[in-house]
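*Asks:*
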Amino acid sequence: MGLLLLQLSKCPGVNILKREVHSGVHKLFWLECQTSRGRREVSGKRFEPVARSSLSHPRRCNSLVPCVPLRQFTIPPHLLRNSWTATVNFANYSSSTDSKQATQQEVDSKDLQSKETKQSPTRIPTEDVKRILQLAHPERLRLSAAVGFLMVSSAVTMSAPFFLGQVIDTIYTSSSEDFSASLRSLCIMLSGVFLCGGAANAARVYLMQISGQQIVRNLRVFLFSSILRQEVGFFDKTRTGELINRLSADTALIGRSVTDNLSDGLRAVAQATAGVSMMFYVSPSLAAFVLLIVPPMAGLAVIYGRYLRSISKRTQDSLAEATQLAEERISNMRTVRAFGKELTEVAKYTEKANYVLHLAKQEAVLRAGFFGATGLSGNIIILSVLYKGGLLMASEHMTVGELSSFLMYAFWVGISIAGMSSFYSELMKGFGAGARLWELLDRKPEFPLNEGIVLRPEQLKGQLEFQNVSFAYPTRKDAPIFQDLSLSVPAGSVMAVVGPSGSGKSTLVSLLLRLYDPVAGVITIDGHDVRDLNPYWLRSHIGTVSQEPVLFSCSIAENIAYGAPDSGTVTVQEIHRAAQIANAYEFVRGFPKGFDTVVGEKGVLLSGGQKQRIAIARALLKVFLITPDYMHQQFYVLVKWANVVMYAFSPFSQNPKILLLDEATSALDAENEFLVQEALERLMDGRTVLIIAHRLSTIQNADAVAVLDQRRVVECGQHAQLLGNRQGLFRKLMEKQAFLQEGQKQALR
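By this note's numbering, the letter at position 540 of the sequence shown is numbered 527, and the numbering carries on one by one without gaps.
1. With a Cβ-Cβ cutoff of 9 angstroms, do Ala544 and Ala571 count as a contact?
2. Would you mind reading off the limits of the beta strand (DSSP E) that contains Val532?
3. Can you tell me which of the three DSSP states Glu535 falls into?
4. Do you know offhand how far Leu647's Cα is from Gly550's?
5. Tell me whether the beta-carbon of Gly486 lies closer than 9 angstroms to the beta-carbon of Ile468.
6. Within 10 angstroms of the Cβ of Leu720, are there 16 or more other Cβ atoms? Answer buried if so, exposed if not.
7. Counting only the same chain and skipping the five closest in sequence on each side, list residues whose C-beta sits under 7 angstroms from that of Gln311.
8. Is DSSP giving Asn248 helix, strand or coil here?
9. Per DSSP, which residues does Asp649 bridge with? Please list them.
10. For Ala405, collect the residues of the same chain with a Cβ closer than 6 angstroms to its Cβ; drop the 5 residues on either side in sequence, then sort them by chain order.
11. Does DSSP put His515 in a helix, a strand or coil?
12. Considering Phe357, what are the terminal residues of the alpha helix (DSSP H) in which it resides?
13. Report the rounded CA-to-CA distance for Phe434 versus Arg443, giving the unit in angstroms.
14. Taking Cβ positions, are Ile440 and Leu520 nearer each other than 9 angstroms?
15. In angstroms, rounded to a whole number, what distance separates the CA positions of Ala275 and Gln303?
16. Are Leu137 and Arg301 touching if we call contact CB-CB under 9 angstroms?
17. Would you kindly report the start and end of the unbroken alpha helix (DSSP H) that includes Leu520?
18. So for Phe574, helix, strand or coil by DSSP?
19. Where Ile740 and Leu273 are concerned, what is the direct C-alpha to C-alpha distance, given to the nearest angstrom?
20. By DSSP, does Phe326 sit in helix, in strand, or in coil?
21. Span of the beta strand (DSSP E) holding Gly704?
22. How would you label Asp429, buried or exposed, when you count the other beta carbons within 10 angstroms and need 16 or more for buried?
23. Give the single residue among Gly596, Thr246 and Cys174 whose Cα lies nearest to the Cα of Ala133.
24. Rounded C-beta distance between Ile241 and Gly421? I'm assuming under 8 angstroms.
25. Looking at C-alpha atoms only, which residue of Arg698, Ile686 and Asp690 is the closest neighbour of Phe717?
26. Going by beta-carbon coordinates alone, are Gly199 and Thr462 separated by less than 9 angstroms?
27. Could you give the DSSP three-state label for Ser785: helix, strand or coil?
28. Rounding to the nearest angstrom, what Cα-Cα distance links Tyr193 and Val289 in this structure?
29. Helix, strand or coil for Glu722 per DSSP?
30. Let me know the alpha helix (DSSP H) ranges lying completely inside the segment 173 to 255, each 4 residues or longer, listed in chain order.
31. Comparing C-alpha positions only, which one of Leu295, Ser480 and Arg501 sits nearest to Phe418?
32. Could you pull the DSSP bridge partners for Val585 from this structure?
33. In the DSSP assignment, the beta strand (DSSP E) including Leu451 goes from what residue to what residue?
34. Closest to Ser528 by CA distance: which of Val517, Glu535, Pro536 and Val537 is it?
35. Grab the span of the beta strand (DSSP E) containing Phe434 for me, first residue to last.
36. Kindly indicate the opening and closing residues of the beta strand (DSSP E) around Ala466.
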């Protein structure tokens, strides 16, 4: 029992399981399995055999070899050690549109626990220092030049007290005949030195600013690229506002740490080093007396930095939560306004902002104590210099000029120590932000974006096969969508999929596109497991129209061109013809700016039917590339109605053999549905088509109909055959739809 639990604590997938048990949300299971190699394999990582059993979630078995479940039984929560649970680094995940509501309670519970848990101070990881320095590596030449100018400006700054001391001694010791000439030469020399220092300082600031912006730009590009490489399940669990916060605030903090803050820190170190050296040069005994205060202040700075780093990370996490709340509510402002929840949302955001303020107050207390102590130490240094220096002057061991120079050096050293303190505190903030970024940059997606088998065009026929597929969304592992589902779609056929709401019709599309991997079973295309195929190639050879089309906040033309492999090469004529075949050309032309009309965020300025037709036009550019040269050769009129002429398209190089239409005409009225449906049916010729639909008009011409219910295919056959089964689910669904349509007809009489 103890050994099994120990292996469980090493399982990468156990983070969620432990969190669920610890928060009392779900139960924890052992799933005892036997593999063909006699090895225990959990979440893709191998362990030595222990009673030939495997530990995993009952619906998450990602073994590298076939694994046969034998039995499962519940682990009582009291058997888990708290130390194991405490050592797990929980990811700050949340859910997507499909699963946010199912996991919101768990996310809120986790957020509350993280707020109430006080994080202890931590040491500076060497790895963080290396990672931050690596960010500056591409800008090493520019930064090296900036450091050189920094040294020049610092040398000029630290030479000023010495020369000013010489001026004072000249005033007190020179005769009247030599006074004017000596003072003039010293002032001219100092003017030249100060001019060089000012130019060097200007060059340093310019180079540091340019390098900082370049580093932030590179970091944001790397981070955005890492985000887009993640699997869809990652976005189901990760909040959009948190990712935006990492892209904006965290990267800016890192950039400041590497450039401006580093520049100020190096200048402070250089000036402090030069100042201390000159203090020993002017008066070794006085310097040794003054620097007795430095070691205690250094120890205080280290302690302060550790606590500040902890608070900074918690502050960034809280800001991410507040940003997520604001982003989500603002983007859904129409819903908030419709339900009159403005004051409720303001109260929620105020609560988030208050917690950020609470952390800011903690940071303010730390900063006030630390900078108060450093300021006091600076004043003590000045007082010590005056006291000890006065005694040395009284004993004629020091001149007035030397004491003046020493005082100025002590003043600069005090300023430099304060600068190093600020540098250290900002560096800790950068480390706190960096910890969040490294987690995201280092995260490996569950399956690659552009690796795997690429089939030749002649090898792709379009035969689809679901073999004993079981699946549950990563955010709802206890609510399976499919259980041993099997379905075969012959190449070149049209398969309609129907079923009650929530039966998993749209999930079939997600699995075919490999947005998710099944928990068990195999999905094949022409006999090739989709997990072995190159995901990028796979998706480029599947044309899709989703149930809920999402448009970008740009022009209609740009939204349509987005469906082409290279949107920059799409011509205006091709965009217009795609709009014509989707029956979108007429309403787009009616806008004042036509195809240059900006649709707003997520297409909010268009109606549901308009968005659907724009999405269909976008999908058509992926399926077909319009080529005017083919007009006179093989194009023919498909539909002519209401003076709208529609043309077929000639296939381009990535001509998809598979079409996935997920409720493609759900938002269209009867007239527009007729036009678009007729065009789509002509375009289906010679392709494997999977239609997700409820309407009889989109089902009756399919070669076969599959009915989903109870997590599997309960009926499959031709439309007329299924209608003939009076006890079948398909017959009941069609009768219900026919009854509703008849009721509408009677209401109009």
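Note that the Cβ used here is the ideal one computed from N, Cα and C, for glycine as well.
*Replies:* Put simply:
1. No, Cβ-Cβ distance for Ala544 and Ala571 is not below 9 angstroms.
2. From DSSP, the beta strand (DSSP E) with Val532 extends over Ile529 to Val532.
3. Looking at Glu535 - three-state DSSP - the assignment turns out to be coil, as it is neither helix nor strand.
4. 14 angstroms
5. no
6. By the beta-carbon neighbour count (other beta carbons within 10 angstroms, threshold 16), Leu720 is buried.
7. If we look at Gln311 and ignore the five residues flanking it on each side, its Cβ neighbours are Arg226, Thr227, Gly228 and Glu229.
8. helix
9. Per DSSP, the beta bridge partners of Asp649 are Ile679.
10. Thr361
11. strand
12. Glu329 to Ala381
13. 22 angstroms
14. The Cβ-Cβ distance between Ile440 and Leu520 falls below 9 angstroms.
15. 42 angstroms
16. no
17. No alpha helix (DSSP H) contains Leu520, which DSSP labels as neither H nor E.
18. helix
19. This structure gives no information on residue 740, because the portion of the chain shown stretches from -12 to 736.
20. coil
21. In the DSSP annotation of this structure, the continuous segment of the beta strand (DSSP E) that includes Gly704 starts and ends at Arg699 to Gly704.
22. Counting C-beta atoms within 10 angstroms of its own C-beta, Asp429 has fewer than 16 neighbours from the protein chains shown and is therefore classed as exposed.
23. Thr246
24. 6 angstroms
25. Ile686
26. no
27. There is simply no residue 785 to check, as the chain begins at -12 and stops at 736 in what is shown.
28. When rounded, the distance between both Cα atoms is 31 angstroms.
29. helix
30. 219 to 224, 227 to 232 and 238 to 245
31. Leu295
32. Ser542
33. Leu451 to Phe458
34. Before going further, note that residue 528 is His rather than Ser in the sequence given. Answer by Cα proximity: Val517.
35. Looking at the DSSP string, Phe434 is not in any beta strand (DSSP E), and its letter there is neither H nor E.
36. Note, Ala466: premise wrong, no beta strand (DSSP E); not H, not E.
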